[in-house]
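Chains as they are written, first to last, in the numbering used here: chain A, 116 to 294; chain B, 785 to 928.
Ideal placement from N, C-alpha and C gives every residue a C-beta, glycine not left out.
Contents: one structure, followed by commentary.
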Amino acid sequence: MNSRWPYYTPLIILGILAFYFAAGLGQNPAKVKSVLINKKVPEFLLPPIEGSLKGFSNSDLKNQVVLVNIFGSWCVSCRIEHPFLMQLKEKKSIPIYGIDWREPDSTAGPKWLEKFGNPYTLIGDDPNSLGAIAFGVTGAPETFIVDKNGIIRFKHLGPITKDNWDETFKPILEDLRKK
Amino acid sequence: MKAIFTIVAILFFPFAALAVDPGEILKDPNLEKRARSISKGLRCVVCQNQSIDDSDAQLARDLRILVRNRIVAGDSDTAVIDYVVSRYGDFVLLKPPIKGVTLVLWFGPIFFTLAGLIGLILFFRRQRIDSKALVQMDNEEINN
Chain A
116 MNSRWPYYTP
126 LIILGILAFY
136 FAAGLGQNPA
146 KVKSVLINKK
156 VPEFLLPPIE
166 GSLKGFSNSD
176 LKNQVVLVNI
186 FGSWCVSCRI
196 EHPFLMQLKE
206 KKSIPIYGID
216 WREPDSTAGP
226 KWLEKFGNPY
236 TLIGDDPNSL
246 GAIAFGVTGA
256 PETFIVDKNG
266 IIRFKHLGPI
276 TKDNWDETFK
286 PILEDLRKK
Chain B
785 MKAIFTIVAI
795 LFFPFAALAV
805 DPGEILKDPN
815 LEKRARSISK
825 GLRCVVCQNQ
835 SIDDSDAQLA
845 RDLRILVRNR
855 IVAGDSDTAV
865 IDYVVSRYGD
875 FVLLKPPIKG
885 VTLVLWFGPI
895 FFTLAGLIGL
905 ILFFRRQRID
915 SKALVQMDNE
925 EINN
């Protein structure tokens, strides 16, 4: 019987490979870990949106822990997320900086914010995805936690909700504020 | 007959849908050629199995323009690719680089093919030896 084991090896190897491939099938390819985590915020300089005086650049992100949120008036999930961002603003939980991504025209973003409220400290207009590409964004909304030294500490894909805020954001923010 | 042939030939003609807008194309054909070859190697992060050169996604378009702007600004091909990789990671390269974590990916198939071939050779060799031995045993039995 002992001499038979070589005949089973291909089967065993196949089994192991099948196991890993099957596990891989269940993974979401959209959730690629960002290479920007623990790196300095990349350089970018975005003009203000219409009706606003100040744009948003990487030099605005220092000396405080903040959120950077990529949104657009065309983005349905951003609309879902929006009331929670407004709550954060009302509670003065954390400054939120916005990148207004790929608006169909220059008035769409300001109109949207006027209608639903503006939770952002500063907003940069990003019609050509320069800001989005700087942050390695693949879709909206996406939110980054940037620490006091301007280092990106966390990236969240999709809308922020009360649940994922309490579960993921809060502990990270508390930890960063202690430092 | 000739007409049918022509029609069939036209049907097989690859009408490649070009995602690159005429407006995006650089005036200098050499720079444009470089931009095209870089774009062909960069994954569209929205529609992940297409390159940004093939994709109609708006983010792909903006990335194509970014690639061209950087080429015009005087960046080398590797500098342009490094810029995009530093934001999106190796994942954005359609052809993953050969390094520690990708060794299995690159050389796994060659390894398994060789291992399989060696296994097969050993298997048939042993079978031949076994059958020879069997024939010998049979002969010996007959002789006895």
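Less than 8 Å between CB atoms is the rule here; does residue i satisfy it with respect to chain B?
| i | result |
| --- | --- |
| A/S192 | no |
| A/A249 | yes |
| A/G254 | yes |
| A/M116 | In this prediction, A/M116 has a pLDDT of 45, which is less than 50 and means its spatial position is unreliable; nothing more can be read from the coordinates. |
| A/N173 | no |
| A/R217 | yes |
| A/Y212 | no |
With a 10 Å radius around its C-beta and 16 neighbouring C-beta atoms as the bar for buried, classify residue i as buried or exposed.
| i | result |
| --- | --- |
| A/G213 | buried |
| A/R217 | buried |
| B/I855 | buried |
| A/F284 | buried |
| A/V183 | buried |
| A/A255 | buried |
| A/S221 | exposed |
| B/D812 | exposed |
| B/S860 | exposed |
| B/S915 | exposed |
So is residue i in contact with chain A if we call contact Cβ pairs under 8 Å?
| i | result |
| --- | --- |
| B/Q911 | no |
| B/S821 | no |
| B/Q842 | yes |
| B/S870 | yes |
| B/V829 | yes |
| B/D859 | no |
| B/D866 | no |
| B/D846 | yes |
| B/G884 | no |
| B/G873 | yes |
| B/L795 | no |
Nearest to residue i by CA position, among the options, is which residue?
| i | options | result |
| --- | --- | --- |
| B/G858 | B/R910, B/L843 and B/L815 | B/L815 |
| B/D846 | B/S860, B/D861, B/T886 and B/V868 | B/V868 |
| B/L826 | B/V792, B/V851 and B/E808 | B/V851 |
| A/K207 | A/A138, A/D240, A/V180 and A/D241 | A/V180 |
| A/L288 | A/K154, A/V261 and A/G265 | A/V261 |
| B/V829 | B/E925, B/L889 and B/Q842 | B/Q842 |
| A/G239 | A/I267, A/I185 and A/E257 | A/I185 |
| A/Y122 | B/G903, B/V792, B/K916 and B/V919 | B/G903 |
| A/A223 | A/D290, A/W189 and A/C193 | A/W189 |
| B/I822 | B/I865, B/D805, B/F796 and B/M785 | B/I865 |
| A/F159 | A/L168, A/E282, A/S174 and A/P198 | A/S174 |
| A/G297 | A/E229, A/I267, A/I128 and A/K155 | No answer is possible for residue 297 of chain A: it lies beyond the span of chain A, which begins at 116 and ends at 294. |
| A/P125 | B/R910, B/G900 and B/I905 | B/G900 |
| B/V804 | B/V792, B/A793 and B/K817 | B/K817 |
| A/L132 | B/R912, B/F896 and B/L906 | B/F896 |
| A/L245 | A/L129, A/P157, A/Y135 and A/S149 | A/P157 |
| A/D290 | A/D278, A/K277, A/K263 and A/I275 | A/K263 |
What residues from chain D crowd round residue i, counting only those whose CB sits closer than 8 Å?
| i | result |
| --- | --- |
| B/I849 | The structure shown contains no chain D; its protein chains are A and B. |
Inter-stretch contact at 8 Å, needing at least 3 Cβ pairs: the region 874-888 of chain B / the region 821-838 of chain B:
yes
Taking contact to mean at least 3 C-beta pairs separated by less than 8 Å, is the region 233-242 of chain A in contact with the region 267-281 of chain A?
no
Report the residues of the region 221-251 of chain A with a CB closer than 8 Å to any CB of chain B, ordered along the chain.
N243, S244, L245, A247, I248, A249, F250 and G251
When you check each C-beta in the region 150-161 of chain A against every C-beta of chain B, which residues fall closer than 9 Å?
V150, L151, K154 and P157
Kindly confirm or deny that the region 247-255 of chain A and the region 121-140 of chain A touch, where touching means at least three C-beta pairs closer than 8 Å.
no
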